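The structure under discussion appears below in the form of structure tokens.
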Amino acid sequence: LNEGAIPLNLRGLGGLGAASGEVSVVGVIIAAGLAFAGGIILNLMPCVFPILSMKILAVSRAGHDHRLARHEALLYGGGVIISFVALAVMISIAQALGAALGWGFQLQSPFVTAALSIVMLLVALNLSGLFNIGSSVQGLGAGVTVKNPYAGAFLTGVLAVVVAAPCTAPFMATAIGVALAQGGLVSFVIFLALGVGFALPIVGLTYAITYLPGLAKRLPKPGPWMDRFKHILAVPMYLAALWMVWVFAQQVSGWGLFALIIALGLIVLGVMRTVIPAMTRPVLLGLGVVLALASAAQTRAVTTPAAVKADVPYEAFSIERIAQLRAEGKNVMVDLTAAWCVSCKVNERLVFHTDDFAAALKETNTVYMVGDWTNQDARITAYLSRYGRSGVPLYVWYGPNGAEPVILPQLLNKGEVIKMMGSGT
């Protein structure tokens, strides 16, 4: 799962560079192939783990109702593909209107993160058996009741794409960079390939189970174990809801965060069967939704980079400062991150926020520069586009003596990073 560090002058694809104005058919085919492979790998990325609970429950039924399982799998795939195509259309329209957007742009809106925290919490409560989602809203994605399994399967696919946005799998970055640079039909083809790749594992597994009797017989039969399993699978959904609240906290003021917490409490009281009269619950639910929307309007005036370990010195991202440091003969490690980027947080935990990395900074005369893309930042968006990327993470190494900048892999290895810093390449 490693694209490898690449020099900037190698990021073109079969004549289709990230910033190219001309479209090469070979380049589009290569980019679509990378998007397809990236979509498959995206299923293994950490931000998709909560949705695996829904997928696992769907697959567990595949060996016992073949027709329903196949239909659900196709609807899930349809939800995934339509969502990716819709993203391509929205980004293309926004770009035509002059906006600079990238992969994961929707999570830069506190309204979206607030809504996702509500959705994740409701799904977790449903998996916990604390309330049942009726047929009208069953499609929140849980897919665990049987009143409307088709709607649930389709909306599970939609939700999977939404929560996958914080992650960028290997091969995806270059492909999406080409899609955003070219727009139009090229963007449509690449996002379509990405959606097909993302949907393929669960759809293919379901069809394999339903058409291979031997494999289907190995699946456990439905029973009480499924309820216990749902309770276990609710845990990652609760964690995902907490994570969305934490991301929301990076985007709004303290009062906004306080309001969202109160809103979530009202929504929980509005959907659960409690001592509160049934007539009062819809009112509480409505108040919670209104308060959540109001909380998202309390945006921060200024954002700072996500917390960096105290003994790891860093500077805030600045293009002018990079040029100045290079003129002074210093190395620069640029880390573009976001609070909602799970891949970024994993790399920070395992590489950048370690004592070994801090020591390497000192030994190699390197300045660690952090740019926070949690909220929209035109400077960072322009920098991403300059390097043919559509979203975070992006890691760029500026070595000594004016060496050509190098783009690092999106999944980092601490030993390789420190070795590169020490070699000066």
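Start counting the sequence shown at 162; every next residue gets the next number (the working numbering). Idealized CB from N, CA, C, for every residue including glycine. Given the structure is predicted, the values throughout are model-derived calculations rather than measurements.
Judged by DSSP secondary structure, residue 508 falls within the alpha helix (DSSP H) whose first and last residues are 503-508. Note: residue 565 is not bridge-paired with any residue in the DSSP secondary-structure output.
Distances from the alpha-carbon of residue 528 to those of 395, 513, 537 put 513 closest. Per DSSP, the unbroken alpha helix (DSSP H) holding residue 544 starts and ends at 539-547. The beta carbons of residue 546 and residue 328 sit no closer together than 7 Å. For residue 532, the enclosing beta strand (DSSP E) stretches over residues 527-533. DSSP lists 529, 558 as the beta-bridge partner residues of residue 494.
In the same chain as residue 270, and ignoring 5 residues on each side of it, no C-beta atom comes closer than 6 Å to its own. The Cβ atoms of residue 394 and residue 314 lie no closer than 7 Å to each other. Counting only residues of its own chain and dropping the five nearest sequence neighbours on each side, residue 573 has a CB closer than 6 Å to the CB of 508, 512.
The region 274-283 and the region 398-409 touch, with three or more beta-carbon pairs separated by less than 8 Å.
Taking all protein chains shown into account, residue 441 has fewer than 16 neighbouring C-beta atoms within 10 Å of its C-beta and is therefore exposed. Here the alpha carbon of residue 348 sits roughly 29 Å from the alpha carbon of residue 409. Short of 7 Å from the beta carbon of residue 289, and not among the five residues preceding or following it, lie these beta carbons of its own chain, in chain order: 392, 395. The same chain holds no residue with a CB closer than 8 Å to that of residue 481 once the five nearest residues on each side in sequence are set aside.
Comparing alpha carbon positions, the residue from 243, 207, 345 closest to residue 257 is 345. About 7 Å separates the CB atoms of residue 200 and residue 356; that is less than 8 Å, so the two are in contact.
If one requires a minimum length of 4 residues, the alpha helix (DSSP H) runs lying completely within the region 219-257 are 227-257, in chain order. Of the residues assessed, residue 536 falls on the buried side of the cut-off, its CB having 16 or more other CB atoms within 10 angstroms.
For residue 578 and residue 379, the gap between their C-alpha atoms comes out near 44 Å. Cα atoms of residue 185 and residue 191: separation of roughly 10 Å, rounded to the nearest angstrom. Here residue 238 has 318, 360, 364 as same chain residues with Cβ atoms under 7 Å from its own Cβ, once five neighbours each way along the sequence are excluded.
Between residue 338 and residue 551, the C-beta gap is smaller than 7 Å, which places the two residues in contact.
For residue 458, there is no enclosing alpha helix (DSSP H), since its DSSP letter is neither H nor E. Closest in C-alpha terms to residue 195, from the list 432, 335, 260, comes 335. The beta carbon of residue 444 sits closer than 8 Å to the beta carbons of 431 from its chain, once the five residues preceding and following it are set aside; these are given in chain order. By the neighbour-count criterion, in which a residue is buried when 16 or more other Cβ atoms sit within 10 angstroms of its Cβ, residue 562 is exposed.
Scanning its chain for C-beta atoms nearer than 7 Å, with the 5 sequence neighbours on each side dropped, one finds around residue 242 the residues 353, 356, 357, 360, in chain order. The C-beta of residue 341 has 16 or more other C-beta atoms within 10 Å across all chains shown, which makes the residue buried.
For secondary structure counted as the alpha helix (DSSP H) over 4 or more consecutive residues, the region 358-394 holds these complete runs in sequence order: 374-378. Here the alpha carbons of residue 525 and residue 583 stand approximately 6 Å from one another. Secondary structure of residue 577 (DSSP, three-state): helix. If you check the CB distance, residue 325 and residue 246 do not come in under 7 Å. Contact check for residue 453 against residue 421 passes: the beta carbons are separated by less than 7 Å. Annotation: residue 287 to residue 263 spans about 33 Å, alpha carbon to alpha carbon.
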